[in-house]
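Have a look at the structure below, then the notes.
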Amino acid sequence: MELLKRRIQQDGTVKGNDVLKVDSFLNHQMDIALFEEIGKEFLRRFEGCGVNKILTIEASGIGIACITAQFFRCPVVFAKKSQTKNIAGDLYTTKVESFTHGRVYDVIVSQKFLGRSDKVLIIDDFLANGAALEGLIDLVHQSGAQLAGAGIVIEKAFQPGGDRLRAKGVRVESLARVKSMCEETGVEFLD
Ligand code: 5GP
């Protein structure tokens, strides 16, 4: 998606060898006009797949998932990063190691909101080592729902998550695939 790639090159900053900061438009301040284009592109790629639910993980996936859901006309469920007492009933649970915080979270979804009748599109902002996506896929499998695939805004393709999940047969659609990046020269894309 050229618009997104141009924006990453213009406003993204690289920290160290493997962290891309896109706080000014994606995951702190959010550019909703850009999110609309992202949502339309996810619809173009997954239209006709029968998606009736979008699943994401808190926090930075939520905004993108909500705007995308307007195009799919379906609800969004977000996986919560720790057990909270205000969720009644049974839960699907899994563990996710956070790339950015380097710790392991329990991640939960109420069984009320995901089940056999659902066809799920997973949406997230980044794909790096794949732990977040694998955790969400585990929740989908526990629920008996079908997985349509995953829509990722930025895949760091030099990290192993995308290749590993595609090799397992998961349809992963990433709108910008980063081939390499460095603080001095910036970001280079795969295609
Ligand atoms: P993974 O589980 O694939 O290793 O990492 C995915 C999660 O880590 C995403 O949900 C995202 O929040 C965070 N993440 C991974 N890499 C980056 C990065 O380069 N920049 C930012 N801002 N977040 C990242």
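Residue numbers (this note's numbering): 974 to 1164. The beta-carbon is built from N, C-alpha and C at its ideal position, and this holds for glycine as well.
Just checking residue i against the ligand 5GP - is the residue's beta carbon closer than 7 Å to any of the ligand's heavy atoms?
i	result
T1073	yes
G1036	no
A1123	no
Please report the straight-line C-alpha distance between residue i and residue j, rounded to a whole angstrom.
i	j	result
K1152	M1003	24 Å
E1157	R1150	19 Å
V1170	L1120	With the chain covering 974 to 1164 only, the question about residue 1170 has no answer from this structure.
F1086	V992	33 Å
F1008	Q1084	29 Å
V1143	D984	31 Å
V995	K988	11 Å
If you drop the 5 nearest sequence neighbours on each side, which residues of the same chain put their C-beta closer than 8 Å to that of residue i?
i	result
I1030	F1051, A1052, K1054, V1069, V1080, D1097, A1105, G1108, L1109
Just to confirm before moving on: does the CB-CB distance between residue i and residue j stay below 8 Å?
i	j	result
G1103	F1019	no
R1017	F998	no
K1092	G1023	yes
I1095	L1028	yes
According to DSSP, is residue i part of a helix, a strand, or is it coil?
i	result
S1116	helix
F1072	coil
A1042	helix
Note down, in chain order, each residue of its chain lying with its Cβ closer than 7 Å to the Cβ of residue i, except the 5 sequence neighbours on either side.
i	result
E1202	The structure shown does not extend to residue 1202, since the chain is modelled only from 974 through 1164, so no value can be given for it.
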